[in-house]
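Colleague: Sequence order for the protein chains is A and B.
The UniProt record's numbering applies: residue 1 is where the first sequence begins, and numbers increase by one.
The UniProt record's numbering applies: residue 1 is where the second sequence begins, and numbers increase by one.
Take a look at the following structure, please.
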Amino acid sequence: IFEYKVSRVDFSGFKEVHEEEKSKMVGNVFSNVASNYDLMNDLMSVGLHRLWKHRLVSKLHPFPGMKHLDVAGGTGDVAFKILENVNSISRRALQHGLEDDLQGETEIYVCDINPNMLSVGKKRAIERGLGENCSLKWVEGDAEALTFEDCSMDGYTIAFGIRNVTHIEKALAEAYRQVFYELSSYYSRSSLTILSIQVLKKGGRFLCLELSHVDIPVFKDLYDYYSFSVIPAVGELVAGDRESYQYLVESIRRFPSQDKFAAMISEAGFQKVEYENLVGGVVAIHSGLKF
Amino acid sequence: MYRSVLKRLLLINTKTSNANRRFLPQITTFSTKTSSFSHQNHPSPQSILPQTLTSNNNNQRKYKSDYQEDQVRVLQASLRHVVKLGWSEAAMISGARKVGVSPSVVGSFPRKEAALVEFFMDDCLQRLIDRIDSGEELKDLIYSERVAKLVQIRLEMQVPFISKWSQALSIQAQPMNVPMSFKQRAMLVDEIWHACGDNASNIDWYLKRTVLGGLYSTTEIYMLTDNSPGFHDTWEFVRNRVKDAFDLGKTVQEATYLAEAVGAGLGSSLAGFVKGVSRG
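This is how it looks when you write it as structure tokens:
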């Protein structure tokens, strides 16, 4: 059941929230959490989020000269990992010097709807010594209406972001959309399933890392207890914002299950759709190919 | 394992001599009707077969077989770069670029270089089957010569890649690739014996395939260091080994007969002696 399609009222978290309000609410959550985002991530996932993002990047298998789009990647974690992967010494040692010229052509776009997250990301880039690196490009935009042209991206990732998109199908459609190298004007919003797939080139891959559903009996209860009792309390302590983290935890429960989400991805036109559960389903990486 | 496996499926249905085949490839889930299927070597992966029957189901079916064809095209194009770049991702990336597909597709192959090697092995097996079916070369040869000839034909397909074949062998020997490479070699050996008209139905079936498997592997490795023109040292090596194997088979048989005869002889003389003693 795609409640997003059927009614204009969307059950955001467990509070009934209207569409426009939801975008605003999400915006608020992230303006509030932006500054403490990284710290809270570490606390909530006990540092595991780094491993998950590392797994995401190794699945993506980046190559020099790649054009990649990371959506909802505000603070740039995934983008940094991709860049480091492409530029790593071990990779360069294996290249026989054939692809050095392509190295410079790598472009990684980090797109986020929230400018606060982007500025935190830019700061972190400078801290890591990637401030002058022209492969990293920071773009403010909405996952549902990307400003990139069709067929220009080799890869598209969205890590812990698709949950917050009001219309998941639209984001998927945009990911599939074909894009060229120049940024163009906004496309009018049409059906999600068509737009999202068009950003990718033929053979491009879509990867989504997201908190998902746990089915293992005892572990599920532990996880629920942890989510509903511990996380909002920690949110209050560290970020002074219980509401936002309560919303976060509830939105995880509202998100479609692994299989359903995979079906949605397949509906958008992607092929070879599969998913991999990490930590028993706490996190799942969905992937699809565009052909 | 894609196109060649499908072709073999179709082949199996039309061949009448199918009755002798005991080693059918396990492709029960491969079909252009059902959707994507893939292997992953990581804990709890799941493939999705969207059974949701929407109106674009027919289009989706077409797309699903399309991506595998495209993958095959990428692999085929990559083979041309192998001589320069080895059995590596660099070759696959160049191949993808040649075909006009984004190199990201390389990330979707489950075991990257192994996928390329396995594709090549399947391709060679398919070509071997085609050569066997077109059949003229094998008609006039005796049993043992046929085996040698088939091994030679198969190994000749590897000649263009001989400079990088040791790399392919090492890729095939990696633990995560061993099940697949073992299966491919088993299919190859089975194919060769079948073409020679093997009708064994007992322990011989396993014995023959094991012996031929060992023979094939040693020849392959011998070929890596062979510098003679046209590899004629290797073909000589194959013929000698095949002869040895057949001779060994005969020797084992003769030894069995001898043992039986001696046993019978001994038995009767012992019986005579015992009778003599009991009478006297």
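We put the beta carbon where it would ideally sit given N, CA and C, even for glycine.
Determine which residues of the stretch 155-188 of chain B have a Cβ less than 9 Å from any Cβ of chain A, and write them out in chain order.
Modeller: none
Colleague: Is the shortest distance between the beta-carbon of Phe291 of chain A and the beta-carbons of chain B less than 8 Å?
Modeller: yes
Colleague: Do Ala96 of chain B and Val82 of chain B have their CB atoms nearer than 8 Å?
Modeller: no
Colleague: Give me the chain B residues within the contact set of Arg205 of chain A, using Cβ-Cβ distance strictly less than 9 Å, ordered along the chain.
Modeller: Ser102, Ser104, Val105, Gly107 and Ser108
Colleague: Just to confirm my understanding: we take Ala200 of chain B, look at its own chain, exclude 5 residues before and 5 after, and list those with CB closer than 7 Å. What are they?
Modeller: Contacts found: Lys208.
Colleague: Are the Cβ atoms of Leu207 of chain A and Thr157 of chain A separated by less than 8 Å?
Modeller: yes
Colleague: Write down every uninterrupted run of the alpha helix (DSSP H) in the stretch 139-168 of chain B whose length is 4 residues or greater and which is fully enclosed by it, in chain order.
Modeller: Counting whole runs of 4 or more residues, the stretch 139-168 of chain B contains the alpha helix (DSSP H) stretches 143-156.
Colleague: Taking Cβ positions only, does Ala96 of chain B come closer than 8 Å to chain D?
Modeller: The question asks about chain D, but that chain is absent: this structure's protein chains are A and B.
Colleague: Check each candidate in A:Leu200, A:Arg254, A:Gly280 and A:Tyr245 and name the one with the smallest Cα separation from Tyr223 of chain A.
Modeller: A:Gly280
Colleague: DSSP three-state call for Thr157 of chain A: helix, strand or coil?
Modeller: strand
Colleague: With distances taken from CA atoms, which of A:Arg124, A:Ile113, A:Leu60 and A:Ile265 is nearest Ala145 of chain A?
Modeller: The shortest C-alpha to C-alpha distance from Ala145 of chain A to any of A:Arg124, A:Ile113, A:Leu60 and A:Ile265 is the one to A:Ile113.
Colleague: How many Å lie between Tyr37 of chain A and Ala239 of chain A at the Cα?
Modeller: Tyr37 of chain A and Ala239 of chain A: Cα-Cα distance of roughly 9 Å.
Colleague: Does Gln271 of chain A pass the burial test, meaning 16 or more other C-beta atoms within 10 Å, or should it be called exposed?
Modeller: buried
Colleague: If contacts are defined as beta-carbon pairs under 8 Å, then Val86 of chain A and Val110 of chain A qualify, I think. What distance do you get, rounded to the angstrom?
Modeller: The Cβ separation is near 15 Å, so there is no contact.
Colleague: At what residues does the alpha helix (DSSP H) containing Phe109 of chain B begin and finish?
Modeller: Where Phe109 of chain B is concerned, there is no enclosing alpha helix (DSSP H), given that its DSSP letter is neither H nor E.
Colleague: Is Ala263 of chain A near the ligand PLP, in the sense that its beta carbon is under 7 Å from a heavy atom of that ligand?
Modeller: The ligand PLP is absent from the structure shown, which contains no ligands of any kind.
Colleague: Roughly how many whole angstroms lie between the Cα atoms of residue 308 of chain A and Lys67 of chain A?
Modeller: Outside the displayed range of chain A (1 to 291) lies residue 308 of chain A, so it cannot be described from this structure.
Colleague: Run down chain A in chain order and give the residues with a C-beta less than 7 Å from the C-beta of Ile93 of chain B.
Modeller: Phe63
Colleague: Using a Cβ cut-off of 8 Å (strictly closer), state whether Gly155 of chain A contacts chain B.
Modeller: yes
Colleague: So the candidates are B:Val189, B:Ala195, B:Phe237 and B:Thr218; which of them puts its Cα closest to the Cα of Gln206 of chain B?
Modeller: Position check: residue 206 of chain B holds Tyr in this sequence, whereas Gln was assumed. Cα-wise, what sits closest to Tyr206 of chain B is B:Val189.
Colleague: Distance, Cα to Cα, Ile27 of chain B vs Trp165 of chain B?
Modeller: In this predicted model, Ile27 of chain B has a pLDDT of only 36, less than 50, meaning its place in the structure is not dependable enough to derive any value.
Colleague: For Ile126 of chain A and Leu56 of chain A, I'd like the C-alpha separation in whole angstroms.
Modeller: Distance between the alpha carbons of Ile126 of chain A and Leu56 of chain A: 23 Å.
Colleague: Anyone know if the C-beta pair for Lys290 of chain A and Gly204 of chain A falls short of 8 Å?
Modeller: One thing to note: Lys290 of chain A has its Cβ within 8 Å of the Cβ of Gly204 of chain A.
Colleague: What residues are listed by DSSP as bridge partners for Asn227 of chain B?
Modeller: Partner(s): none; Asn227 of chain B has no beta bridge.
Colleague: Using 8 Å as the limit for Cβ to Cβ distance, is Leu56 of chain A near chain B?
Modeller: no
Colleague: Could you check the C-alpha separation between His49 of chain A and Asp215 of chain A for me, to the nearest Å?
Modeller: 20 Å
Colleague: Which chain B residues sit within Cβ distance under 7 Å of Leu60 of chain A?
Modeller: Residues of chain B passing the Cβ test: Gly107.
Colleague: Whole angstroms is fine: what's the gap from Lys275 of chain B's alpha carbon to Val262 of chain B's?
Modeller: 20 Å
Colleague: Count the CB pairs spanning the stretch 153-162 of chain B and the stretch 118-129 of chain B that are closer than 8 Å, and state whether there are at least three.
Modeller: yes
Colleague: Could you give the first and the last residue of the continuous alpha helix (DSSP H) run that contains Asn114 of chain A?
Modeller: That residue, Asn114 of chain A, is in no alpha helix (DSSP H); it is neither H nor E in DSSP.
Colleague: Can you tell me whether Lys53 of chain A is buried or exposed, with buried defined as 16 or more other CB within 10 angstroms of its CB?
Modeller: buried
Colleague: Would Ser244 of chain A be called buried (16 or more neighbouring beta carbons within 10 Å of its own) or exposed?
Modeller: By the neighbour-count rule (16 or more Cβ atoms within 10 Å), Ser244 of chain A is buried.
Colleague: Please state the DSSP three-state secondary structure of Leu278 of chain A.
Modeller: strand
Colleague: Can you round the beta-carbon distance between Ala148 of chain B and Val242 of chain B to whole angstroms, since I take them to be within the 8 Å contact cut?
Modeller: 5 Å
Colleague: Examine chain B for any beta-carbon lying closer than 8 Å to the beta-carbon of Lys201 of chain A, and answer yes or no.
Modeller: yes
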